[in-house]
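Visitor: These protein sequences, in sequence, are chains P and F. Note that this note's numbering has the first sequence beginning at -15, numbered continuously upward. Note that this note's numbering has the second sequence beginning at -15, numbered continuously upward.
2 protein chains.
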Amino acid sequence: MGDIIKTDSAYITASSSVVGSLEKAGPLGEYFDIWDEKDDTFGKDSWEKSESEMQRLALKCSMEKAVLSEGELDVIFAGDLINQCISSGYGLVDFDVPFLGIYGACSTCAEGLLLSSVFSSYTKKRCAAVTSSHNCSAERQFRFPVEYGSQRTPTSQWTVTGAASFIVSPKNDRGERVKIVDVMAGKSIDAGITDVNNMGAAMAPAAADTIQRYLTESKRDAESFDCIVTGDLGLEGSSILLEIMKKKGFDISSKHRDCGVEIYDIEKQDMHAGGSGCGCSGVTVASYFTDKLKKGEMSDILFVGTGALMNAMSLQQGNSIPGIGHLVHMVRE
Amino acid sequence: MGDIIKTDSAYITASSSVVGSLEKAGPLGEYFDIWDEKDDTFGKDSWEKSESEMQRLALKCSMEKAVLSEGELDVIFAGDLINQCISSGYGLVDFDVPFLGIYGACSTCAEGLLLSSVFSSYTKKRCAAVTSSHNCSAERQFRFPVEYGSQRTPTSQWTVTGAASFIVSPKNDRGERVKIVDVMAGKSIDAGITDVNNMGAAMAPAAADTIQRYLTESKRDAESFDCIVTGDLGLEGSSILLEIMKKKGFDISSKHRDCGVEIYDIEKQDMHAGGSGCGCSGVTVASYFTDKLKKGEMSDILFVGTGALMNAMSLQQGNSIPGIGHLVHMVRE
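#1: Taking contact to mean at least 3 C-beta pairs separated by less than 8 Å, is the segment 194 to 210 of chain P in contact with the segment 227 to 239 of chain P?
#2: Could you name the residues that DSSP lists as bridge partners for ARG316(F)?
#3: Indicate whether at least one CB of chain P lies closer than 8 Å to the CB of GLN135(F).
#4: Since TYR(-5)(F) is in the beta strand (DSSP E), which residue starts that stretch and which ends it?
#5: What does a CB cutoff of less than 8 Å around GLN196(F) pick up in its chain, not counting 5 residues either side in sequence?
#6: Does the Cβ of THR(-9)(F) have 16 or more other Cβ atoms within 10 Å, making it buried, or fewer, making it exposed?
#7: Can you name the start and end residues of the alpha helix (DSSP H) that LEU199(P) belongs to?
#8: With a threshold of 7 Å on Cβ separation, who are the neighbours of VAL162(F) within its own chain once the five nearest residues in sequence on each side are excluded?
#9: Beta-carbon separation of PRO189(F) and GLY55(F) under 8 Å?
#10: Let me confirm a value: VAL152(F) is counted as buried when at least 16 other C-beta atoms fall within 10 Å, else exposed. Which label applies?
#11: Against chain P, does LEU76(F) count as a neighbour if the rule is that its beta carbon must be under 8 Å from one of theirs?
#12: Under 8 Å, CB to CB, which of the residues in the segment 22 to 48 of chain F have a partner in chain P?
#13: Does any C-beta atom of chain F lie closer than 8 Å to the C-beta of LEU293(P)?
#14: Helix, strand or coil: how does DSSP classify ASP254(F) here?
#15: Listing by chain order, which chain P residues have their CB less than 8 Å from the CB of GLU95(F)?
#16: Mind checking the segment 101 to 134 of chain P against chain F and listing, in chain order, the residues whose C-beta falls within less than 8 Å of any C-beta there?
#17: Could you check the C-alpha separation between CYS90(F) and ALA169(P) for me, to the nearest Å?
#18: Exposed or buried, what is PHE128(F) when buried is set at 16 or more other beta-carbons lying within 10 Å of its beta-carbon?
#19: According to the Cβ coordinates, are ASN1(F) and ASP17(F) closer than 8 Å?
#20: Note down, in chain order, each residue of its chain lying with its Cβ closer than 6 Å to the Cβ of THR194(P), except the 5 sequence neighbours on either side.
#21: Can you round the beta-carbon distance between ILE164(F) and LEU225(F) to whole angstroms, since I take them to be within the 8 Å contact cut?
#22: LEU76(P) and GLN125(P) - do their beta-carbons sit closer together than 8 Å?
#23: Is SER71(P) helix, strand or coil by DSSP?
#24: With DSSP as the reference, label ALA148(P) as helix, strand or coil.
#25: Is it true that the segment 284 to 303 of chain F meets the segment 211 to 219 of chain F, where meeting means three or more beta-carbon pairs spaced less than 8 Å apart?
#26: Mapping DSSP to helix, strand and coil, what is THR139(P)?
#27: Answer yes or no: does any C-beta atom of chain F fall closer than 8 Å to that of SER298(P)?
#28: Is the CB-CB distance between GLY85(P) and SER71(P) below 8 Å?
#29: Let's test the definition: count the other Cβ atoms within 10 Å of the Cβ of GLN68(P) and tell me whether it reaches 16, buried, or not, exposed.
#30: Going along chain F in order, which residues have a C-beta closer than 8 Å to the C-beta of ASP166(P)?
#31: Excluding the 5 residues preceding and the 5 following SER(-7)(P) in the sequence, name in chain order all residues of the same chain whose CB lies nearer than 8 Å to its CB.
#32: Beta-carbon separation of ALA113(P) and CYS93(P) under 8 Å?
#33: Flag GLY258(F) as yes if its beta-carbon sits less than 8 Å from any beta-carbon of chain P, otherwise no.
Have a look at this one:
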């Protein structure tokens, strides 16, 4: 049996994004729905609470766009980078909706869309896929509090302050017609990378594995898509991905785009290797790529959300960083 | 639309459990497959690596029981309590199988079974649901390293050292015939509990909500089941659950059992309020309750895995502890 899962009744009927000031100031700024121009706190007194608030705002915004009350939303898939996924846990606790927690590190957006698509297709229920990251909560948990002003390495990526929410509904539901036609779960792949400041290199082999499996099984070539979007490989990881793919005999260079590269003006905003975090692919896909499909400027997109399955202690204990890449195939219907 | 999801093609064809010495010495000891009689390290040099090794052993054991090679297993759902779910991430990285990370705290076993059942029913793929907890890795992360010898409060529960794996297959697959007939996702419910040493009280309202919704929608009463098994409420949480249910007009007391109460001889083993952790309901359901169904000693079980969606920092920041309870309805076919 192949790895591609056809989803016959899964439509993104609404999506929304909540971002910080740097993301708003970047090249995709005009596409985002909600932002905090003042200080990225969203009115809360801890960075963790700010991130939770962003998830709440994102889900609320997407439900409003889809004109859904709580009783009309059947299940929420959500996850994030903070220990025990509390940004989702606390951010969404007030919604009176069944809740399924997921963890895919920065691939969580794609994992949520994948699970929502299968759920929607089988159960005919309306699902929401929600995720987030916040620069300040992530940096202090995984590296150093940003207030320390630590020097960043050239390959380091900037954790995006962003939350995204997608409503995934079965056929014949109201709303926009971006269809998820098939999905493929990633395999966890350990390429031996141990540098916490080079996540792109840890995730690129997993993205390559997923893309290769998909193109092979679907018998399509990269040229037949409008684009193949990876989650957050950044500049370093993207160049590694293209290199690995070439060695495997696939040239995807003309169609490849990466959310970590798109979201910032890397040079002007001094973003080193680009953006990362669950919110990176989350808000870029929820706002920019979904918009391209809705407007008919694109009609066929492969999205491969990438994640690194480690924690701060695992590196101290001598482990390397496994990567993963989940795929979601979206078309304009 | 109701909250119960009928799963028309989901069978537990094999399940396995890996436990520590205290669990092996408890009343369910004879049911477990693998244990470390020496020191609960499973031959590894950190508690986190020991827990990962337990997940690897559990999945391997269940695949052997189901006579499955890696190529015959289509997807793994796995999660655990350690930051960023690394017990699953590292424990299962060597299996060449698509991997979907989940997070439901101690409800992870039930969440994995729920998702596997929907996946198996829709995609006809073979799924594995894997989870774990280890007393030493959990205690040092959530409370204090066990080596400190901290005093435990009367309501505190003992994190179970255990890993469980279930193979969930579509109809007509080989293996035992324990059928998952329907499932229901829990809602996250915050009852205002802030005591990290009283998880049972935090989780009981969520279990009650799920059980009430299920009994109401299915129009069945508690007496019609062999038992209603909760995840790991322990003595304190169980008594709160029965009290809440009575107030709601449901008497489940004659059918209620709790994995946190079953797994230890609470008095002799000095376990205060009982067991907890992802591994608690994991190994109890994987070995004891599944065995009862296989042998025909029971034929109809409601399993409600319970979890607390918090982390150590969230309590320091003044948050209370939301609970959740996911339901899996298993019958002997």
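Positions of the beta carbon are idealized from the N, C-alpha and C atoms, including for glycine. Since the structure is predicted, the reported quantities are computational estimates derived from the model, not experimental observations.
Guide: Let's see:
#1: Under the three-pair Cβ rule at 8 Å, the segment 194 to 210 of chain P counts as touching the segment 227 to 239 of chain P.
#2: The residue you call residue 316(F) lines up with position 332 of the second sequence. VAL162(F).
#3: Here residue 135(F) refers to the residue found at position 151 of the second sequence. Taking 8 Å as the threshold, the shortest C-beta distance from GLN135(F) to chain P does not fall below it.
#4: In the second sequence, residue -5(F) corresponds to position 11, counting from 1. Run containing TYR(-5)(F): -5 to 3, per the beta strand (DSSP E) assignment.
#5: What you label residue 196(F) is simply residue 212 of the second sequence in a count that begins at 1. Closer than 8 Å at Cβ, skipping near neighbours: MET229, LYS232, PHE234.
#6: The residue you call residue -9(F) lines up with position 7 of the second sequence. When all chains shown are included, THR(-9)(F) counts as buried.
#7: For the purposes of this step, residue 199(P) is taken as residue 215 along the first sequence, with counting starting at 1. If you look at LEU199(P), you'll find it in the alpha helix (DSSP H) that goes 183 to 202.
#8: Taking the first residue of the second sequence as 1, we reach residue 162(F) at position 178. Excluding positions up to five away in sequence, the list reads TYR(-5), ILE(-4), THR274, LEU277, LYS278, MET314, ARG316.
#9: For the purposes of this step, residue 189(F) is taken as the residue at position 205 of the second sequence. For the purposes of this step, residue 55(F) is taken as the residue at position 71 of the second sequence. No. Outside cutoff.
#10: Within the second sequence, the letter at position 168 stands for residue 152(F). By the neighbour-count rule (16 or more Cβ atoms within 10 Å), VAL152(F) is buried.
#11: Reading the second sequence from its first residue, position 92 is the one you call residue 76(F). Residue-level contact by beta carbon holds for LEU76(F) and chain P, with a gap shorter than 8 Å.
#12: Residues of the segment 22 to 48 of chain F with a C-beta atom less than 8 Å from some C-beta of chain P are SER30, GLU32, LYS33, listed in chain order.
#13: Taking the first residue of the first sequence as position 1, residue 293(P) is located at position 309. Contact with chain F is found for LEU293(P), since one of that chain's Cβ atoms lies less than 8 Å from the residue's Cβ.
#14: Sequence index remark: in the second sequence, residue 254(F) carries index 270 (1-based). The answer is coil: DSSP assigns ASP254(F) none of H, G, I, E or B.
#15: Reading the second sequence from its first residue, position 111 is the one you call residue 95(F). Listed along chain P are LEU84, GLY85, each with a C-beta nearer than 8 Å to that of GLU95(F).
#16: Answer set for the segment 101 to 134 of chain P: VAL102, PHE103, SER105, TYR106, THR107, LYS108, LYS109.
#17: Numbered from 1 along the second sequence, position 106 holds the residue referred to as residue 90(F). Numbered from 1 along the first sequence, position 185 holds the residue referred to as residue 169(P). Taken atom to atom, the span from the alpha-carbon of CYS90(F) to that of ALA169(P) is near 24 Å.
#18: Along the second sequence, read from residue 1 onward, the residue named residue 128(F) stands at position 144. Here PHE128(F) is exposed. Its C-beta has fewer than 16 other C-beta atoms within 10 Å.
#19: In the second sequence, the residue the question calls residue 1(F) occupies position 17. In the second sequence, the residue the question calls residue 17(F) occupies position 33. The question names Asn, but residue 1(F) is Ser in the sequence shown. Yes. Within cutoff.
#20: Position 210 of the first sequence holds residue 194(P). Excluding sequence neighbours, THR194(P) sits near GLY170, VAL288, GLY309, LEU311.
#21: As a working note, residue 164(F) is residue 180 in the second sequence. As a working note, residue 225(F) is residue 241 in the second sequence. No, ILE164(F) and LEU225(F) are not in contact; Cβ-Cβ is about 23 Å, not under 8 Å.
#22: Reading the first sequence from its first residue, position 141 is the one you call residue 125(P). Reading the first sequence from its first residue, position 92 is the one you call residue 76(P). No, Cβ-Cβ distance for GLN125(P) and LEU76(P) is not below 8 Å.
#23: For the purposes of this step, residue 71(P) is identified with residue 87 of the first sequence, where counting begins at 1. It is helical.
#24: Within the first sequence, residue 148(P) is the residue found at index 164, counting from 1. For ALA148(P), the secondary structure class from DSSP, reduced to helix, strand or coil, is strand.
#25: The answer is yes - the segment 211 to 219 of chain F touches the segment 284 to 303 of chain F, with three or more Cβ pairs under 8 Å.
#26: Position 155 of the first sequence holds residue 139(P). Three-state DSSP puts THR139(P) in coil, outside helix and strand.
#27: In the first sequence, counting from the first residue as 1, residue 298(P) sits at position 314. Cβ-Cβ to chain F under 8 Å: yes for SER298(P).
#28: Your numbering for residue 85(P) matches position 101 in the first sequence. Your numbering for residue 71(P) matches position 87 in the first sequence. Between GLY85(P) and SER71(P), the C-beta gap is not smaller than 8 Å, which leaves the two residues out of contact.
#29: To locate residue 68(P), count along the first sequence from 1; it is residue 84. Note on GLN68(P): 16 or more other CB atoms within 10 angstroms of its CB, so buried under the neighbour-count rule.
#30: To locate residue 166(P), count along the first sequence from 1; it is residue 182. Those within 8 Å of ASP166(P) in chain F number zero; the least Cβ separation is about 11 Å.
#31: The residue you call residue -7(P) lines up with position 9 of the first sequence. Result list for SER(-7)(P): SER104, SER105, LYS108, PRO154, LYS155, in chain order.
#32: By 1-based counting over the first sequence, the position of residue 113(P) is 129. By 1-based counting over the first sequence, the position of residue 93(P) is 109. Pairing ALA113(P) with CYS93(P) gives a Cβ-Cβ distance under 8 Å.
#33: Here the question's residue 258(F) lines up with position 274 in the second sequence. So, not an interface residue.
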